[in-house]
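Here the sequence shown is numbered in our numbering, starting from 26 and rising by one per residue.
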Amino acid sequence: MTLLQSHPPNGDSFSLDVIGTVIPRANPGVNHVTVKIPDDKPTLDSIPRPKRKQYVVRSVRTIGKRKKTDADDIRRERDRAIQARHRKTQATLLVRLEKDIANLLEDVHTVDVRRQDICTDTPILLDLWFAAMEYFRFFQVGFNTPPPGLLAFLDRIIAPDVTDGPICGADTLVKNWAMLSLSFEDITVQLERLDRAGDDLLVATTTTSITIRSETLRRVFPHLLGHDDISLATKLQDQRIVMRSSVRFDWDSSTRRIVRMLSQADMLTPILHLLGNVQDVSRVFDEALVTPEFRLRSM
26 MTLLQSHPPN GDSFSLDVIG TVIPRANPGV NHVTVKIPDD KPTLDSIPRP KRKQYVVRSV
86 RTIGKRKKTD ADDIRRERDR AIQARHRKTQ ATLLVRLEKD IANLLEDVHT VDVRRQDICT
146 DTPILLDLWF AAMEYFRFFQ VGFNTPPPGL LAFLDRIIAP DVTDGPICGA DTLVKNWAML
206 SLSFEDITVQ LERLDRAGDD LLVATTTTSI TIRSETLRRV FPHLLGHDDI SLATKLQDQR
266 IVMRSSVRFD WDSSTRRIVR MLSQADMLTP ILHLLGNVQD VSRVFDEALV TPEFRLRSM
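Right under this line is the structure:
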């Protein structure tokens, strides 16, 4: 830029006097507002604050109440479930108890009917029933010598010439049982039931159990101790044999005594189960001193 461009063309005609007489114009667009600033300045304590603490406390209390309500609901639901299971268990026990009571009443009725039948029958049946029960009281286990009271029972209830299959006489009956007890260890006879088969006839269903020891093999199965059959003796030794058995009692109403008996036991079936084939069973009983009906051959 040149000097001519820096100064206006009539710049020389303006003097300081002229400039000094010019009155500055006021700006009509500007409004003047007077603001009074108070002398006391506000402090932090004078400024109102929101009640945040109270809101937080109320929120915590509300959450705590809500959690407590949820816990109470869970506890009540659990208690209801426990009570429901308890009621179900009680109902099941009640049904079972009612069923047991019904069965018991039925058993009582059956026993009462049987008692009435016995009481209305002749005294013969009562005597025969008592005689059979007394018999099993003495002959339910093996013995080597007669137990106390047995001989008195035989004199009172058993006829002197009583028969039991090939056995004849009360004394022979006792000796046969003593021989069986000596040959087979731990003889036990379990009475299962008594059934009336006639006016003067009772049939006892029993279970007879014996143990085959080395003494049994020597006395009853001596033929198995040879070289050829020693394997059979080994299989039989120390075995517990359980046999289904029965005893029939015939009563004489005139003498009020047992005059006839028939004792039977199935020794064949458990021996067959033990050995597994008929051939070995046949070899066991062929020369044995006991029959498959559990009777001593020597008698």
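Glycine residues also receive a C-beta, built at the ideal position from the N, C-alpha and C atoms.
Check	Outcome
Mind checking which residues open and close the alpha helix (DSSP H) that includes residue 199?	195 to 208
Out of 233, 293, 171 and 274, which has the shortest C-alpha to C-alpha gap to residue 227?	274
Can you check which of these residues, 193, 217 and 170, is closest to residue 204 by C-alpha distance?	170
Roughly how many angstroms separate the alpha carbons of residue 230 and residue 117, rounded to a whole number?	37 Å
With a threshold of 16 other CB atoms inside 10 Å of the CB of residue 266, please say whether the residue is buried or exposed.	buried
What would DSSP say about residue 212, mapped onto helix, strand or coil?	strand
Would you report the Cα separation of residue 284 and residue 179, rounded to the nearest angstrom?	11 Å
So the alpha helix (DSSP H) residue 307 belongs to, where does it begin and stop?	303 to 311
Going by DSSP, which residues form a beta bridge with residue 95?	The partner list for residue 95 (beta bridge, DSSP) is empty, contrary to what the question assumes.
Looking at the structure shown, is residue 261 part of a helix, part of a strand, or coil, going by DSSP?	helix
At what residues does the beta strand (DSSP E) containing residue 328 begin and finish?	There is simply no residue 328 to check, as the chain begins at 26 and stops at 324 in what is shown.
Give me whichever residues DSSP pairs with residue 1 in a beta bridge.	Shown here, the chain extends from 26 to 324; a query on residue 1 therefore has no answer.
Between which two residues does the beta strand (DSSP E) carrying residue 186 extend?	183 to 189
Which word fits residue 212, buried or exposed, when buried means at least 16 other C-beta atoms lie within 10 angstroms of its C-beta?	buried
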